[in-house]
Amino acid sequence: MIEDADFRVGDVLSVACRFTETRVTRLGWDSLVLEWPWWRRDPDSEFFHWNGQVALGIDADARVWHETGLFRTEPPLDALEPDDVCRVGVPPTVVHVTSVDRFDPPLETGWLPRPRLAVTVLPRGVSCRDVPKGSLVNVTGYELHPDDDIPFTVDLLFRPYAFLHHGDEVGDAVGRAWRFDSPWRWHAFDGGAATAGPRWPVTLLTRDGTPCTAEAAEAVAAATSAGSHRETLAHWTRLTDAAPTPSGIVLPRLR
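As structure tokens, this is what we get:
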């Protein structure tokens, strides 16, 4: 189980949530509305007055789930009508993290507990790409609040560049200096192209704005003594069947 505070952009996760009994309140053209079994109304919310229900996105014409949603029902969508009793949960699903946001004070949503953490993910096989305006599949992510009482089980399958911290400055094998912002977002200090990433092995130069310790430098050197940025990306792509989120893309969140 990954610790709540330890999510990072680029993480490949297995996410699941045990199925829990609930009731269908409405079946709309773009959503299945359920009584939500996990949250409580927030009596102190000034801006949101939650009705105790959650809408799950669907394509009602085809009676299939929206591709970026994680929750499913038992029985399945095509067997449900309003007032039916069903179970809702998340079957084990491979996802990759596209953004991590923390809130202090906690986010006001209309329900309790108020979340302190939002982790936006895309399911395996779905990428965020530059696509025509109006596309729904590739430019949306699903926002999870791991601390909001939904009983998620989250396992870390792969973390690219786990040995680096955000903001680390490194030198690569061909003498270029880089800042690590995320596994697929590198800043080259020489102003040159950053698409190919650093050439391994990598030398850690600074961490938290100060010269790195010998121990940290040795760990980074050992981790990059074999392999390459390209091999890391290839392994991540095999696990996610997706392309990395381009720099500068802001994902709309689905709740």
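Each residue of the sequence shown is one higher than the last, beginning at 95 in this note's numbering.
Glycine included, C-beta positions come from ideal geometry on N, C-alpha and C.
The structure presented is a predicted model; accordingly, all values stated were derived computationally and were not measured.
Between Thr339 and the rest of its own chain, which residues show a CB-CB distance below 6 Å, the 5 nearest in sequence each way excluded?
Thr192 and Cys222
How is Thr119 classed by DSSP in three states: helix, strand or coil?
strand
Among the candidates Thr203, His190, Leu201 and Trp205, whose CA atom is the shortest distance from the CA of Leu216?
His190
Should Gly235 go down as buried or exposed, given a rule of 16 or more other Cβ atoms within 10 Å for buried?
buried
Taking 8 Å as the threshold, find out whether the region 235 to 246 comes into contact with the region 260 to 275 through three or more Cβ pairs.
no
What's the C-alpha gap between Arg368 and Asp172?
This structure does not reach residue 368, given that the chain is present from 95 up to 349, and the question cannot be answered.
DSSP on Asp243, reduced to helix/strand/coil?
coil
Nearest-angstrom Cα distance between Gly291 and Trp280?
For Gly291 and Trp280, the distance between alpha carbons rounds to 7 Å.
Which stretch, first to last residue, makes up the alpha helix (DSSP H) that contains Arg332?
His323 to Thr334
How do the region 247 to 259 and the region 101 to 118 stand: do at least 3 beta-carbon pairs fall below 8 Å, yes or no?
yes
Figure out for me which residue from Asp275, Ala320, Ala317 and Leu121 has the closest Cα to the Cα of Ala149.
Leu121
What is the residue span of the alpha helix (DSSP H) that Ala311 lies within?
Looking at the DSSP string, the run of the alpha helix (DSSP H) that includes Ala311 is Ala308 to Ala317.
Of the choices Pro207, Leu327, Ala317 and Asp198, whose alpha-carbon is the least far from that of Asp138?
Pro207
Could you tell me the boundaries of the beta strand (DSSP E) in which Cys180 lies?
Val179 to Arg196
What three-state label does DSSP hand Asp100 in the structure shown?
helix
CA-CA distance, Pro305 and Thr297?
12 Å
What is the rounded straight-line gap between the Cα of Val182 and the Cα of Arg210?
Approximately 24 Å between the Cα atoms of the pair.
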